[in-house]
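Q: Below is the structure I would like to discuss, written out as structure tokens.
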Amino acid sequence: MRLLAVLAAFALIVAACGGDGDATTTTAAAGDTTTTTAPPDDATTTTGEAPMACSGSIGVMAPITGPAASIGVEQLNWAKLAVDQFNEANGTEIALVEGDTQLDPAQASTVAPQFVSDAGILAVVGPAGSQEIEAVGAIFADAGMPFISMSATRTDLTDGQYPTFFRVVPTDADQGPTIANFVAGMGGTKVFIVDDQTSYSTGLTEAIIPVLEAADIEVTTDSVSQDATDFSSLVSNVSDDTDWVILPWQIAANAQLFGQQLAEQGKTAAIFGSDGLFSPNDFTIEGSYVSAFAPDITGIPESADLVEAFQSQYGDFGTFGPPTFAAATIALEAIYSICQAGGEPDRAGVLEAVAATDQATSVLGQPIVFNESGDVEGAVFFIFQIQDGEYVLFTG
Amino acid sequence: MDFFVQQLVNGLTLGSVYALIALGYSMVYGILKLLNFAHGEVYMMGAFAGYGVLTVLGGAGSAVVPVPLLILLMVLGGAAVSTVLGVAIERFAYRPLRRSPRIAPLISAIGVSFFLQSAALLLFSARFRTYDTPSMISPTTGVVIGPLRISLVRIIVIVSAFALMAGLTLLVSRTKLGKAMRATAFDLEGAAMMGIDVDKVIVATFAIGSALAGVAGVMVGLVFGRIFHFMGFIAGLKAFTAAVVGGIGSIPGAMLGGILIGMAEAFSAGYISSTFQNVIVFGILIVVLLVKPSGLLGRPELVKV
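Protein chains in written order, with the working numbering: chain A, 1 to 396; chain B, 1001 to 1305.
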């Protein structure tokens, strides 16, 4: 009986521990928590007043701690770099507010209201995962808060249900067929797909399967938790004549282990990982393929200065950082454009300005113009192959 | 049949690691009636210590010592760091609270757990680290029987886990310290009155349990490749479940529970679906507790009047 009581106490404590979202506020809270919805033209600066620096904050929602922290820290650092560089170049005083979501919808929905109630926050970069967008979309829509994701690719996020949502990456409607057509084009006959039980992963799996089946490829599916620490039983389920394993996963180290265990059990199937696995440090199974929503910017000459600036300050990075830089830049420019027009930035104005984004060039190597649903026009996926431990752009 | 044996090996590997961690939970609970929730983090720190030894000795592919010695040193390093950590946790987080209500050390344990997790995050950053075992022991070396493959690293893990468990059983049943541990677990105050240095026994219990967790951490690094600051939480939860299924406080129970949970995970992933892996594991916990509330090998608690 005593043991059961202790167990119950433990369950309660674990449940309570699961709910600690911490949003570190780096700006003074504006006192009232109501959302400013005044149109921008109500708030024009009067002449004769001392010139005020353009200010405000952007919130960054990323998995800064927890199992996906390696992604989140990279995203946060790129956002910091974007804010620092922008402030320096334009004399603005825009602050960054961190919100740790741990890639967990429950955490994200704790952080979102904190951001909403901080009247200084005019736009949000993030959250990172599709499952988190679903958790915060309605909260941000109600608050009129523009939010720009740097990595959420689930297709139906931009079907109009979240009117203030934007993303700088292409969708799984593009990625799924890209992967499936590639595998079919490489002569795949028997494919094993494992989702990792996240909204991102199941959505992508659904986009891949019909294309494979249309190409007469035999598809077997399975599913494993993102928290799993051993895949050997799952690997035993991959039949010896399977020639491709597709992993639409988010945690690169998991795929690394999967690949090692595949080799350990003598299976020869090639691995195709989705964009979530793009991580030259953590996923290095020789000969595997990985799709990416952004090019490797270290290979783009125009980005050399930026790469240098980041590496000298924060070290190496994968493909999650640069889209975050792009998303943060969009938010920063939106705020700045209102200041330049003589207005005082508020969420409604920033939302309008974000929607009207028109960048002829970006860190992602392509122009950024949003369509009506919040997707970047003409965004495409890239395919990389791991050769001698390096990610090499695969061109066929 | 091959598939069955393959899953058996998978389950045995996982199970022997869970068993090693579960022993620490069970031994401490047996003596102090304390759920040491920081135990998962002790295991995590052991894994990082093993990684540290590996790095200091030149890394997986280019170590300055032969591979068998390298692995031995990693295991010893992991065990040593975990032992020191476990003893320190007992000294600073639990001993001052020994006379407080039982909930106090429990909260303290959870605090230590978060403290160590965050410390690891600060010290080692959030990145996954890999032992890069394939550079030490080729994943294809091992026993190959037809389509069945048992890699050498799995054999090492399973054999050494069982050897350690046998050693612990001998220690508890045959040595003076073991006798003192059993006496203290049976009745702490009584043992103290019989002249047993209870504090010493408790420190020894923490040291042994933590050393086993440290070894488990290094083994997980070797067989599953990657380690990270958060790894102690889930492993700790599973091992705790194993300890409860086996009968918390019982040493053979922890071993049995660990193997059982490992097997359950492997076979549910193999024959049913990995989707329901955790559901099945915790389902077993519930069923066992309903049928036998004290666990498979646990003794019903005596109420002292």
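C-beta: ideal position from N, C-alpha, C; glycine also.
Indicate whether the contact test is met: 3 or more Cβ pairs, each with one atom in the segment 108-123 of chain A and one in the segment 64-76 of chain A, closer than 8 Å.
A: no
Q: Taking only beta carbons into account, state which residues of the segment 210-239 of chain A come closer than 9 Å to chain B, listed in chain order.
A: D222, S223, V224, S225, D227, A228, T229, D230, F231, S232, S233, L234, V235, S236, N237
Q: If I follow the unbroken alpha helix (DSSP H) through B:F1162, where does it start and stop?
A: Taken as a continuous stretch (DSSP letters only), the alpha helix (DSSP H) holding B:F1162 covers 1152-1174.
Q: By the DSSP assignment, the beta strand (DSSP E) with A:F384 in it spans what residues?
A: 382-387
Q: How long is the line joining the alpha carbons of A:A360 and A:S109, rounded to whole angstroms?
A: 34 Å
Q: Candidates A:F382, A:S373, A:A379: which alpha carbon is nearest A:F165's?
A: A:S373
Q: Starting from the Cα of B:V1017, find the closest Cα among B:A1038, B:R1174, B:S1160, B:T1083 and give me that residue.
A: Taking only the C-alpha atoms, the option nearest B:V1017 is B:S1160.
Q: Would you call the segment 129-139 of chain A in contact with the segment 189-200 of chain A, where contact means no fewer than 3 C-beta pairs closer than 8 Å?
A: yes
Q: For B:D1002, does the three-state DSSP call read helix, strand or coil?
A: helix
Q: With DSSP as the reference, label B:G1086 as helix, strand or coil.
A: helix
Q: Alpha carbon to alpha carbon, what distance is there between B:A1213 and B:I1089?
A: Roughly 14 Å between the two C-alpha positions.
Q: Any residues in the segment 273-288 of chain A with a beta carbon nearer than 8 Å to a beta carbon of chain B? Which ones, in chain order?
A: N281, D282
Q: Should B:M1219 and B:G1015 be called a contact, given that it needs their Cβ atoms to be closer than 7 Å?
A: Not closer than 7 Å, so no.
Q: Taking its Cβ as the centre, do 16 or more other Cβ atoms sit within 10 Å of B:Y1271, making it buried, or is it exposed?
A: exposed
Q: With a 10 Å radius around its C-beta and 16 neighbouring C-beta atoms as the bar for buried, classify B:R1299 as buried or exposed.
A: Classification of B:R1299: exposed, given that the 10 Å Cβ count is below 16.
Q: Do you know whose CA, among B:A1047, B:P1105, B:A1063, lies nearest B:G1077's CA?
A: Each of B:A1047, B:P1105, B:A1063 was checked against the Cα of B:G1077, and the nearest Cα belongs to B:A1047.
Q: Beta-carbon of A:D42 versus every beta-carbon of chain B: anything under 7 Å?
A: Note on A:D42: pLDDT 41, under 50, position unreliable in the model; no value is reported.
Q: For A:N254, count neighbouring Cβ atoms within 10 angstroms of its own Cβ and tell me buried if that reaches 16, exposed if not.
A: buried
Q: With three or more C-beta pairs closer than 8 Å as the rule, is the segment 320-330 of chain A touching the segment 75-88 of chain A?
A: yes
Q: Taking Cβ-Cβ distances shorter than 7 Å, what residues in chain B pair up with A:T65?
A: Chain order gives the chain B residues near A:T65 as L1121, A1126, where near means a beta carbon separation below 7 Å.
Q: Please confirm whether B:I1248 and B:S1026 have their CB atoms less than 7 Å apart.
A: Against a cut-off of 7 Å, the Cβ pair of B:S1026 and B:I1248 comes out as a contact.
Q: What residue does the beta strand (DSSP E) around A:F192 start on, and which one ends it?
A: 190-195
Q: Could you have a look at A:Q359 and say whether DSSP puts it in helix, strand or coil?
A: Here DSSP, grouped into helix, strand and coil, assigns A:Q359 to strand.
Q: Decide if A:E93 is buried, meaning its Cβ has at least 16 other Cβ atoms within 10 Å, or exposed.
A: The residue is exposed, with fewer than 16 neighbouring Cβ atoms inside 10 Å.
Q: Leaving aside the five residues before and after A:Y162 along the sequence, list all residues of the same chain whose C-beta is less than 6 Å from its C-beta, in chain order.
A: Hits under 6 Å: G137, A141.
Q: Please identify the residue among B:I1251, B:N1010, B:V1223 whose C-alpha is closest to the C-alpha of B:M1136.
A: B:V1223
Q: Work out the CA separation of A:F283 and B:G1236 for me, nearest whole Å.
A: 26 Å
Q: What do you get for A:V392, buried or exposed, if any count of 16 or more other CB atoms within 10 angstroms of its CB means buried?
A: exposed
Q: Quick check: is the beta carbon of B:F1048 nearer than 7 Å to any beta carbon in chain A?
A: no
Q: With 7 Å as the threshold, decide whether the Cβ of B:F1004 is near any Cβ in chain A.
A: no
Q: Which residues in chain B sit within 8 Å of A:A263, going by Cβ to Cβ distance?
A: P1134, P1139, T1140
Q: Rounded to whole angstroms, what is the Cα-Cα separation between B:R1095 and B:L1085?
A: 14 Å
Q: Give me the chain A residues within the contact set of B:L1226, using Cβ-Cβ distance strictly less than 9 Å, ordered along the chain.
A: The sequence shown places Arg at residue 1226 of chain B, not Leu. Per Cβ cutoff of 9 Å: T229, A253, N254, Q256, L257, D282.
Q: What residue from A:Y314, A:D375, A:V235 has the CA that sits closest to A:E160's CA?
A: Residue 160 of chain A is actually Gly in this sequence, not Glu. Shortest Cα-Cα distance from A:G160 to any of A:Y314, A:D375, A:V235 involves A:D375.
Q: Determine the DSSP secondary structure at A:D222, reduced to helix, strand or coil.
A: strand
Q: In the DSSP assignment, find the alpha helix (DSSP H) that holds B:L1289 and state where it starts and stops.
A: 1277-1291
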